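Reviewing the structure listed below.
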Amino acid sequence: MKDKIRIASGQGFWGDLIDAPYTQVTAGQVDYLVMDYLAEVTMSILQKQKNKNPKLGYARDIPELMDRILPICKKNNIKIITNGGGVNPEACAEAVVEVARKHNIKNLKIALVVGDNILDKIDNVISNGCLLNNMETGEPITIVKDKLLSANVYFGAMPIVEALKQGADIVITGRTTDTGLTLAPMIYEFGWDKNDYNLLSAGTVAGHILECGGQASGGNLLADWRSVPDIDNIGFPIAEAYPNGEIIITKHESLGGKVSIETVSEQLVYEIGDPKNYITPDCVADFTSIKLEEVGKNRVKVFNVKGAPETEFYKVSCSYSSGYSAVGTLTYSWPDALSKAKKADEILRKRFEKLNLKFDEIRTEYVGYNSCHGPLSENIDEDKINEVMLRVAVRGNDYNSIERFGKEIAPLILTGPPSVTGFAGGRPKPAEVVAYWPALIPKKLVEPKVVMVTL
Amino acid sequence: MKKIKLLDIAHGRSGDKGDAANVGIIAYDDKGYQIIKKYLTKEKVKEHFNGICLGEVDRFELPNIRALNFLLHNTLGGGGTVSLKHDAQGKTLAAALLRMEVEIDD
């Protein structure tokens, strides 16, 4: 057994720093590279791409990235784990195989984790007595069944562990929890028992710290943000894991950013609910048990983590089509910037009314004044406001109304208050609104599968 | 009595959980934690976010990292993908809570 492994975070979301995974595998020693590509809305986008072209439906940054890092990872025996397979891990693997062939890489094992996509099996699931009720509203999924765009079960670490046991160099999954990507190599390398919930929770906490990339190593840091050194060259976090469940969060020393109690604590509280019950498919971690200690420069020890057995359910993330939206913006300058923007909003709304446009919601915000903190924003003497961006957004089921909204923004330049600019991007176009439907499914109704592709 | 700015004794981070925003507030030291624990009640936070948080507020304590976590329900205009808000994911709400001033006993 190894006495420790180093797991590097390479992406916090699809759209994160393109060079981060490359930097993670070249600026110092690591054993694993984990990359989270999937946000809730991402799955529906990928499903649409796959519907148009059966060769798509995965994070398309991956082949280009593999072209850069695969030879390096193969040479240094760095294993890659990613959920970037999206709704088409098979096609993603094919693209990676092509890259491997180009570099003449032999003896490569790519594992796919599939079985999470239940879009075609919804009727089956319902007839098995699982109504996939919305976790927030309690409504049954039948009310949006005809509008469903995607439906994916969140798997945990165990299918990835199975893939690693079968010798995988690269694991490409569909919907897998962000935390599972980081926990899996610990279970595999240290032979952790799947019933040792304290150890599983320790790895899960490490996964939570790594899952947003640079957010744990100095990015988006509210505590003394100016203090972060060389943030332009930020090193993403690395979890140095030990068999006893102790984890040291660190980063490559040659890179920028910082790892401190503050950077780790902020990430720990990010997007959590009840901290005593952080539920994953693998365990229920207790975030109130976590202890942190600075044990060196850019080294924070995470220890004493406690946890409880996993639940009998997987979470399911479904998305469905829910009308259209559009956003228009215009910028008004001093003098009277805010009053002008408010007048423009009033004019717009009167025109909408006259045109009998149908919206479910119209929302007006004044960027530079109150778009972040709403009613908490401090009143400012208007003479001191240099400029304000009027931002109007609409949403509704009537496509024609949303489209017409887009045609009403630009005319304000010549038919509204003065000193206005910032209309360069053309008419705002209606975008499809994708709503999210979280549900639970009994674990016995779905079966993760590991498929091996050997080169 | 004296007035303290939360921004001076705490930091934090916020994000989305469906239509709820999560706001985590972390004190810089033990003394600061005692202050936020005592004065940052559910009611006080709900009142602070009047007009922003349209639902209930849940409050959780993490004394191990000197933090409180708040879930502000019905806050993000329908949630990340549906919301028309500029800050659809509530990313700036931790800073919004740190605007608060609390009157504490000397």
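Sequences listed follow chains A and B, in order. Sequential numbering of the first sequence, starting at 1, is according to my numbering. Sequential numbering of the second sequence, starting at 1001, is according to my numbering. Cβ atoms here follow ideal geometry from the backbone N, Cα and C, with glycine treated the same way. Bear in mind the structure is a predicted one, so any value in this text is a computation, not a measurement.
Expected contact under 8 Å - CB spacing of residue i and residue j to nearest Å
i: leucine 112/A; j: proline 89/A; result: 4 Å
i: threonine 204/A; j: leucine 181/A; result: Contact flag wrong, Cβ pair sits at about 11 Å.
i: serine 265/A; j: isoleucine 1065/B; result: 5 Å
i: asparagine 152/A; j: arginine 175/A; result: 4 Å
i: isoleucine 170/A; j: isoleucine 110/A; result: 5 Å
i: alanine 91/A; j: leucine 56/A; result: 7 Å
i: valine 305/A; j: leucine 292/A; result: Incorrect: roughly 11 Å between the Cβ atoms, too far for contact.
i: isoleucine 160/A; j: valine 316/A; result: With a Cβ gap of about 19 Å, isoleucine 160/A and valine 316/A do not count as contacting.
i: lysine 297/A; j: proline 417/A; result: Wrong, their Cβ atoms sit about 55 Å apart, outside the cutoff.
Check whether residue i and residue j have beta carbons under 9 Å apart
i: leucine 1062/B; j: valine 269/A; result: yes
i: aspartate 345/A; j: leucine 390/A; result: yes
i: cysteine 283/A; j: glutamate 310/A; result: yes
i: glutamate 312/A; j: isoleucine 261/A; result: no
i: leucine 1076/B; j: phenylalanine 1060/B; result: no
i: methionine 433/A; j: glycine 323/A; result: Per the sequence shown, the amino acid found at residue 433/A is valine instead of methionine. Taking 9 Å as the Cβ cut-off, valine 433/A and glycine 323/A qualify as a contacting pair.
i: lysine 444/A; j: glycine 396/A; result: no
i: leucine 1084/B; j: histidine 1048/B; result: no
i: alanine 1067/B; j: serine 1014/B; result: no
i: glycine 28/A; j: glutamate 447/A; result: no
i: histidine 1073/B; j: serine 371/A; result: no
i: threonine 179/A; j: glycine 156/A; result: yes
i: phenylalanine 456/A; j: alanine 202/A; result: Nothing about residue 456/A can be reported from this structure: the residues present for chain A run from 1 to 455 only.
i: glutamate 98/A; j: proline 63/A; result: yes
i: threonine 177/A; j: threonine 82/A; result: no
i: valine 420/A; j: lysine 340/A; result: yes
i: alanine 1021/B; j: cysteine 1053/B; result: yes
i: glutamate 216/A; j: tyrosine 1028/B; result: First, the residue type needs correcting, since residue 216/A is alanine and not glutamate in the sequence shown. Taking 9 Å as the Cβ cut-off, alanine 216/A and tyrosine 1028/B do not qualify as a contacting pair.
i: lysine 75/A; j: leucine 455/A; result: no
i: glycine 307/A; j: leucine 149/A; result: no
i: isoleucine 5/A; j: leucine 33/A; result: no
i: methionine 135/A; j: alanine 100/A; result: no
i: isoleucine 272/A; j: leucine 255/A; result: no
i: glycine 84/A; j: tyrosine 154/A; result: no
i: aspartate 31/A; j: isoleucine 78/A; result: yes
i: proline 430/A; j: glycine 406/A; result: yes
i: lysine 1002/B; j: aspartate 1106/B; result: yes
i: isoleucine 402/A; j: serine 325/A; result: yes
i: isoleucine 126/A; j: isoleucine 141/A; result: yes
Identified DSSP bridge partners for residue i
i: histidine 1135/B; result: Because chain B is modelled from 1001 through 1106, residue 1135/B falls outside the range shown and cannot be assessed.
i: lysine 1005/B; result: Glu1101/B
i: proline 281/A; result: Beta-bridge pairing links proline 281/A to no other residue.
i: tryptophan 225/A; result: Paired residue(s): none; tryptophan 225/A is not in a bridge.
i: lysine 354/A; result: Looking at the DSSP assignment, lysine 354/A forms no beta bridge with any residue, so it has no partner.
i: methionine 452/A; result: Ala111/A
i: glycine 296/A; result: Arg299/A
i: proline 275/A; result: Paired residue(s): none; proline 275/A is not in a bridge.
i: methionine 389/A; result: Thr331/A, Val367/A
i: isoleucine 5/A; result: Ala241/A
i: asparagine 1069/B; result: Gly1024/B, Phe1060/B
i: cysteine 212/A; result: Answer by DSSP bridge pairing: none, since cysteine 212/A is not bridged.
i: valine 25/A; result: According to DSSP, which records beta bridges pairwise, valine 25/A is partnered with nothing at all.
i: phenylalanine 13/A; result: Phenylalanine 13/A is not bridged to any residue.
i: lysine 291/A; result: Phe303/A
i: proline 438/A; result: Ser317/A
i: threonine 263/A; result: According to DSSP, threonine 263/A bridges with nothing at all.
i: glutamate 432/A; result: Tyr324/A
i: phenylalanine 155/A; result: Thr176/A
i: aspartate 1016/B; result: Ala1021/B
i: threonine 250/A; result: Ile238/A
i: arginine 395/A; result: Ser325/A, Glu361/A
i: glycine 256/A; result: Ile234/A
i: methionine 35/A; result: Gln11/A, Thr82/A
i: alanine 1095/B; result: Paired residue(s): none; alanine 1095/B is not in a bridge.
*For the stretch 95-148 of chain A, list the alpha helix (DSSP H) runs that are entirely contained and at least 4 residues long, ordered along the chain.*
122-127
*For the stretch 332-340 of chain A against the stretch 406-414 of chain A, are there 3 or more C-beta pairs whose distance is under 8 Å?*
no
*Do three or more CB pairs link the stretch 195-211 of chain A to the stretch 243-257 of chain A at distances below 8 Å?*
yes
*asked:* Measuring CB atoms only, is the stretch 7-18 of chain A touching the stretch 36-44 of chain A, in the sense that at least three cross pairs come out at less than 8 Å?
replied: yes
*Can you give, in chain order, each stretch of the alpha helix (DSSP H) that sits fully within the stretch 58-98 of chain A and has at least 4 residues?*
61-76
_Segment contact flag, the stretch 22-38 of chain A with the stretch 228-239 of chain A, C-beta cutoff 8 Å, min 3 pairs_ = yes
*Of all the beta strand (DSSP E) runs that stay within the bounds of the stretch 159-200 of chain A, which reach a length of 3 or more residues?*
170-173
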